[in-house]
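Protein chains in written order, with the numbering used here: chain L, 2 to 545; chain W, 712 to 910.
Think of the CB as a built atom: it goes at the ideal place given N, C-alpha and C, for glycine as much as any other residue.
A quick write-up on the structure given underneath.
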């Protein structure tokens with residue numbers, strides 16, 4: 002009978018009681034945040050036995066004092082209060098009365114989240130007033146997230162793309178970091194391959210906190226610096242340190258960043274603060290050994306029509322023409338006079354895989370390939386590109402050619418080269434003074450026949466030999482052109498030392514082979530009958 | 712201006728000035744003795760027309776026969792400096808002229824500076840024929856500057872430089888009779904087949 006009664010009682014209990022249940026989640030998930038925790042408790046019986054429920058948090062991650070639990074109320078009806086009391090520094094309890102439901106929703110404020118990310122188990126235990134303990138159950142808080150560093154920045158030195166650089170990091174932590182904490186640097190947008198040398202650490206600010214002997218490990222895109230923080234770092238501490246030989250981004254684009262993450266442990270568990278820091282200030286890697294030149298047997302002169310050019314360089318990195326293009330252009334100041342264009346094919350040197358590449362013109366130069374291909378050039382490969390041509394040049398000087406390498410329209414290497422265009426040689430030239438007597442002031446007739454066209458307001462500069470002199474300042478000139486209709490009415494003459502500038506000679510463009518005659522008075526012959534050095538003439542294009 | 716189009720590279724664009732001829736009055740010559748074939752001191756007066764270069768050279772062109780004794784010396788004064796100074800003198804002779812070269816050590820001298828130059832032991836010409844003397848100034852490296860007009864100045868000797876004796880070698884000295892005179896002449900210099908003796 003007794004045995005039967007026990008069985009009936011057990012069955013009764015089995016039928017009407019299951020294990021309690023608990024769910025718990027903080028309203029705000031960042032570490033160290035003071036927030037409201039929301040619980041769901043299910044006592045597991047429909048017929049409530051009054052008793053005391055105890056909620057226990059892991060210590061020392063959670064630490065309460067009398068002011069921690071400021072409010073304990075029904076989540077569905079904030080007017081219903083539960084009398085929560087601290088039982089110790091990491092637990093509180095409340096009365097589960099028979100008037101309460103089997104399941105209650107409780108919000109408790111204000112609880113401070115732990116100081117680092119982990120899975121934290123919160124247990125729920127119940128003992129009825131009659132002393133019957135219910136099964137203790139727990140639920141994990143696994144939604145915590147790291148907080149954000151107050152600030153972070155970095156700079157590369159040198160700033161060139163694809164270069165092993167010293168990177169100076171500056172960060173201000175928001176949350177304290179315990180002694181033995183670690184640092185993780187996650188590269189976003191590219192993988193910083195190692196050059197085989199371990200990172201060296203030098204500290205500018207915060208030397209007492211940073212372990213300059215921390216061993217770095219590179220795994221894919223992650224640099225891991227274990228035990229980086231040798232002593233506890235208070236919140237809002239500025240730390241500046243430099244890590245050497247980190248590979249800079251492959252292009253100058255703005256899509257690259259490094260995420261800095263502090264950990265509370267040596268073994269990279271327990272995240273604390275995290276922040277993404279953009280990489281900026283990256284500049285083109287100077288293209289090595291760049292040169293642009295004409296044939297060695299050719300002196301490039303004004304008027305040269307379609308002079309052939311060649312370009313040489315060492316590939317600054319692997320060049321893959323599935324994504325990369327090379328642009329060749331002239332500085333804007335001379336683009337009016339120099340224009341590079343290619344034929345339909347640009348053959349490369351034999352050490353390049355793939356076939357010749359076609360190019361296209363721009364207003365200041367060319368780019369190739371104009372259709373992406375699978376051709377490649379290995380990093381460091383000396384490369385010659387031919388098939389460039391110059392348009393007819395209208396004046397001389399040093400022309401700056403800029404070559405730029407881009408990947409997916411973002412540059413990564415560039416450099417400049419120069420080509421020198423020499424003046425052409427006048428078809429004919431003569432000088433005749435009216436009187437040859439020594440020390441006589443007389444009129445000189447300077448006659449020159451142009452080799453190239455000249456524009457509007459063209460000029461001629463005459464350099465007198467030593468001992469042939471003219472007074473500095475305005476000089477008197479009478480001019481004529483074989484193209485008579487192009488003679489300007491506003492010709493000016495000015496002398497300074499041995500140089501005579503005759504300007505604004507033409508009113509329209511004049512063709513090559515035009516004869517210009519300039520009669521200039523007031524020039525004094527030398528004092529002796531020795532033949533002079535040569536007079537020197539130069540023509541200048543003007544405008545148009 | 713920058714970036715010329717064409718230039719005159721390779722074109723030989725030079726001029727060679729020519730010496731200026733000074734006015735006749737800017738160069739005069741006088742001598743102490745006008746006797747044929749006599750060594751005497753000549754005085755040359757030259758007024759600078761344009762300029763006289765530093766360490767300039769003066770060349771005097773005389774007839775070949777007007778030789779300069781090896782003992783000749785030259786001195787000069789300037790209108791700007793009355794100090795009588797020596798000047799280096801050399802001469803060279805060819806079939807057409809005798810050139811006396813004076814090398815000065817002056818600074819550059821402006822126009823209208825007057826040189827008064829005395830050269831001793833120059834041999835007068837051997838006849839009364841008018842002779843011309845020309846002066847050329849040059850730079851220290853030998854390039855002419857100004858010159859006198861060759862025809863501007865001439866000298867003529869006035870005194871005989873020889874003797875003649877006449878003797879009657881006949882016994883009959885009656886007036887009106889044709890007799891033979893013997894003339895003994897001391898020749899002043901080498902006689903050329905083209906020379907004439909007039910009595």
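- prompt: Using Cβ-Cβ distances below 8 Å, what residues of the stretch 717-746 of chain W are close to chain L?
  reply: 717, 718, 719, 720, 721, 722, 723, 724, 725, 726, 727, 728, 729, 730, 731
- prompt: Can a CB atom of chain W be found closer than 8 Å to the CB of residue 528 of chain L?
  reply: yes
field: For residue 257 of chain L, the nearest candidate out of L:249, L:263, L:173 (CA to CA)
entry: Here the closest residue by C-alpha is L:249.
query: What does DSSP give as the partner residues of residue 272 of chain L in its beta bridges?
result: The partner list for residue 272 of chain L (beta bridge, DSSP) reads L:264.
- request: Compile a chain-ordered list of the residues in the stretch 847-865 of chain W whose CB is closer than 8 Å to at least one CB of chain L.
  value: 849, 850, 852, 854, 855, 856, 857
message: Just to confirm, is the Cβ distance from residue 767 of chain W to residue 824 of chain W under 8 Å?
response: no
- request: Please classify residue 834 of chain W: does DSSP put it in a helix, a strand, or coil?
  value: strand
query: Is there at least one Cβ from chain W nearer than 8 Å to residue 336 of chain L's Cβ?
result: For residue 336 of chain L, the predicted model reports a pLDDT of 47, less than 50, meaning its position is unreliable; a value from the coordinates is still stated below. No, its Cβ sits nowhere closer than 8 Å to a Cβ of chain W.
task: Let me know if residue 818 of chain W comes out buried or exposed under the rule of 16 or more other beta-carbons within 10 Å of its beta-carbon.
output: exposed
Three-way DSSP call (helix, strand, coil) for residue 737 of chain W in this model: If DSSP states are grouped into helix, strand and coil, residue 737 of chain W belongs with the helices.
- request: Pick helix, strand or coil for residue 569 of chain L, following the three-state DSSP scheme.
  value: Here chain L covers residues 2 to 545 and nothing more, so residue 569 of chain L does not appear.
- prompt: For a contact meaning CB atoms closer than 7 Å, what does residue 1 of chain L contact in chain W?
  reply: A query on residue 1 of chain L cannot be resolved here, the shown segment of chain L reaching from 2 to 545 and no further.
- prompt: In terms of alpha-carbon separation, which member of L:387, L:224, L:269 lies closest to residue 293 of chain L?
  reply: L:387
field: residue 346 of chain L in three-state terms, based on DSSP
entry: Note on residue 346 of chain L: pLDDT 49, under 50, position unreliable in the model; no value is reported.
task: Residues of the stretch 755-781 of chain W with a CB closer than 9 Å to any CB of chain L: list them in chain order, please.
output: 761, 762, 764
- request: State the start and end residues of the unbroken beta strand (DSSP E) segment that holds residue 182 of chain L.
  value: 182-189
- prompt: How is residue 465 of chain L classed by DSSP in three states: helix, strand or coil?
  reply: In the structure shown, residue 465 of chain L adopts coil according to DSSP, grouped into three states.
- request: Quick one: give me the first and last residue of the beta strand (DSSP E) that residue 223 of chain L is part of.
  value: Unbroken beta strand (DSSP E) run through residue 223 of chain L: 223-230.
- request: Taking C-beta pairs closer than 8 Å, name the residues in chain W that residue 438 of chain L reaches, listed in chain order.
  value: Chain W residues near residue 438 of chain L: 728, 729, 730, 731.
message: Here's the rule I'm using: 16 or more other beta-carbon atoms within 10 Å means buried, otherwise exposed. How should residue 285 of chain L be labelled?
response: buried
Where residue 395 of chain L meets chain W, residues with beta-carbon distance less than 8 Å: 716
- prompt: Taking Cβ to Cβ, would you say residue 377 of chain L is nearer than 8 Å to residue 319 of chain L?
  reply: yes
message: In the DSSP output, which residue or residues are listed as bridge partners for residue 138 of chain L?
response: Answer is L:125, bridged to residue 138 of chain L.
field: Close Cβ partners of residue 831 of chain W (< 7 Å) along its chain, the five nearest in sequence each way excluded
entry: 752, 783, 784
message: Going by DSSP in three states, residue 907 of chain W sits in which element: helix, strand or coil?
response: coil
task: Evaluate residue 80 of chain L with the Cβ neighbour count: other Cβ atoms within 10 Å of its Cβ, from every protein chain shown; 16 or more gives buried, anything less gives exposed.
output: exposed
query: Whose Cβ in chain L lies nearer than 9 Å to the Cβ of residue 712 of chain W?
result: What residue 712 of chain W touches in chain L: 460, 462, 502, 504, 539, 541.
Under 7 Å by beta carbon: chain W residues contacting residue 452 of chain L: 717
Residue range of the beta strand (DSSP E) that includes residue 65 of chain L: Note, residue 65 of chain L: premise wrong, no beta strand (DSSP E); not H, not E.
field: residue 109 of chain L versus L:191, L:28, L:246, residue with shortest Cα-Cα distance
entry: L:28
query: So what does residue 157 of chain L bridge to, in DSSP terms?
result: Under DSSP, residue 157 of chain L forms a beta bridge with L:168.
query: Going by beta carbon distance, what residues of the same chain come within less than 6 Å of residue 211 of chain L, once the five residues before and after it are set aside?
result: 204, 242
message: Run through chain W and tell me which residues come within less than 8 Å of residue 532 of chain L, C-beta to C-beta.
response: 725, 726, 727
- prompt: Roughly how many whole angstroms lie between the Cα atoms of residue 523 of chain L and residue 511 of chain L?
  reply: 28 Å
Candidates L:264, L:201, L:151, L:19, of which the one nearest residue 227 of chain L by Cα: L:264
- prompt: Candidates L:31, L:480, L:103, L:63: which alpha carbon is nearest residue 43 of chain L's?
  reply: In this structure, L:103 is the residue among L:31, L:480, L:103, L:63 with its C-alpha nearest to the C-alpha of residue 43 of chain L.
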